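Colleague: The listed protein sequences correspond, in order, to chains Y and E. Using our numbering, the first residue of the first sequence is number 1, and each one after it goes up by one. Using our numbering, the first residue of the second sequence is number 1001, and each one after it goes up by one. Sharing a structure, written as structure tokens. Questions coming.
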Amino acid sequence: QKEVEQDPGPLSVPEGAIVSLNCTYSNSAFQYFMWYRQYSRKGPELLMYTYSSGNKEDGRFTAQVDKSSKYISLFIRDSQPSDSATYLCAMTTGGYNKLIFGAGTRLAVHP
Amino acid sequence: GAVVSQHPSRVICKSGTSVKIECRSLDFQATTMFWYRQFPKQSLMLMATSNEGSKATYEQGVEKDKFLINHASLTLSTLTVTSAHPEDSSFYICSASGQPVTEAFFGQGTRLTVV
């Protein structure tokens, strides 16, 4: 079993839809959670960073962490074609430890 | 977010030569830097982790003599692919973090083609 599970998709939605992206994890020591967006042939861009359980909102993006269920989500409201990319979840225990990434979900938002 | 600059963005080299890729953190002190390799339509594969002033820690299966990593300052890390072969052709990405590692910022990536 992988430490972090993420459905690779692809996920195709119409413009304006609400998108839900999810990751589950097995290591209860993970404390810090991130969502990255990666366009083709570019480095990942940090979208959201959360520490505690609960919701964090930034514009059209909401990150949700449920540590009791070991489950994190990223919601995208009013999705746009420019949101078409691969979304990677990542998490770490902190300290000197590396980030553990999900496989990434490919999202396509069509006009 | 913080800015991490990676250079070059694209490089073509002949088989047998060495290539150096630079990763700079422009607006924060990068105590820890990570180097990844990414194949098309696949997730990031961590190659090594380096802390400033220390030797890099390589992941299992990554040849440390082939992929030389130097992290001499809090703003610069380099990856040198030595004696490159066509199978080393890939997308290489660095990321930088402060300490403790809580979030990391990525460079733009380098597409290496070995001919």
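Cβ atoms here follow ideal geometry from the backbone N, Cα and C, with glycine treated the same way. All of these numbers come straight from a predicted model, not from anything done at the bench.
Residues of chain Y with CB under 8 Å from R1111/E, in chain order?
Modeller: Near R1111/E (Cβ distances below 8 Å), the residues of chain Y are R41.
Colleague: If you count every other CB in all the chains shown that lies within 10 Å of the CB of P1086/E, and 16 or more means buried, which is it?
Modeller: Counting Cβ neighbours within 10 Å, P1086/E comes out exposed, since fewer than 16 surround it.
Colleague: Against chain Y, does I1093/E count as a neighbour if the rule is that its beta carbon must be under 9 Å from one of theirs?
Modeller: Chain Y, which has a Cβ nearer than 9 Å to the Cβ of I1093/E, makes this yes.
Colleague: Closest to F1067/E by C-alpha separation, out of Y1036/E, K1014/E, V1004/E, R1010/E, would be which residue?
Modeller: Taking only the C-alpha atoms, the option nearest F1067/E is Y1036/E.
Colleague: Compare the Cα-Cα distances from Y1018/E to each of Q1029/E, H1007/E, S1083/E, T1057/E and report the closest residue.
Modeller: Here residue 1018/E turns out to be Ser, not Tyr, going by the sequence shown. Closest by alpha carbon: S1083/E.
Colleague: Out of T86/Y, K98/Y, N97/Y, E45/Y, which one is the CA nearest neighbour of P8/Y?
Modeller: When only C-alpha atoms are compared, the closest one is T86/Y.
Colleague: Kindly list, in the order they appear in chain Y, the residues whose Cβ is closer than 7 Å to that of F1105/E.
Modeller: Result: L46.
Colleague: Compare the beta carbon distance of S1025/E and L99/Y with 9 Å and say whether it is the shorter of the two.
Modeller: No, the Cβ-Cβ distance between S1025/E and L99/Y is not below 9 Å.
Colleague: Where does E57/Y sit, in a helix, a strand or coil, going by DSSP?
Modeller: Strand.
Colleague: Kindly say whether K67/Y, judged by its beta-carbon, lies nearer than 9 Å to any beta-carbon of chain E.
Modeller: It does not; no Cβ of chain E falls within 9 Å.
Colleague: Tell me the DSSP bridge mates of I100/Y?
Modeller: DSSP, once it has assigned bridges, lists M91/Y as partnering I100/Y.
Colleague: Out of G1001/E, E1022/E, S1005/E, R1010/E, state which residue places its alpha-carbon closest to the alpha-carbon of L1112/E.
Modeller: If we check each option's Cα against that of L1112/E, R1010/E comes out closest.
Colleague: Taking only beta-carbon positions, decide if F30/Y is within less than 9 Å of chain E.
Modeller: For F30/Y, the answer is no, since every Cβ of chain E falls outside 9 Å of its Cβ.
Colleague: Output, in chain order, the set of chain E residues within a Cβ distance shorter than 7 Å of Y49/Y.
Modeller: Correct list: E1103.
Colleague: Pick out whichever of S26/Y, V19/Y, S69/Y has its Cα sitting closest to the Cα of S84/Y.
Modeller: Per the Cα distances, V19/Y.
Colleague: Where does E45/Y fall in DSSP's three states?
Modeller: Reduced to three states, the DSSP call for E45/Y is strand.
Colleague: Between E5/Y and the rest of its own chain, which residues show a CB-CB distance below 6 Å, the 5 nearest in sequence each way excluded?
Modeller: Within the same chain, E5/Y has close Cβ partners T24.
Colleague: Pull up the distance between the alpha-carbon of D78/Y and that of A17/Y, whole angstroms please.
Modeller: Each residue's Cα considered, the two are about 5 Å apart.
Colleague: Go to Y51/Y, then tell me how far its beta strand (DSSP E) extends in each direction, as first and last residue.
Modeller: Careful: Y51/Y lies outside any beta strand (DSSP E) and carries neither H nor E.
Colleague: Give the secondary structure of S82/Y by DSSP, where H, G and I count as helix, E and B as strand, and everything else as coil.
Modeller: Three-state result, S82/Y: helix.
Colleague: Where does A1030/E land, buried or exposed, given buried means 16+ other C-beta within 10 angstroms?
Modeller: It is buried - the Cβ of A1030/E has at least 16 other Cβ atoms within 10 Å.
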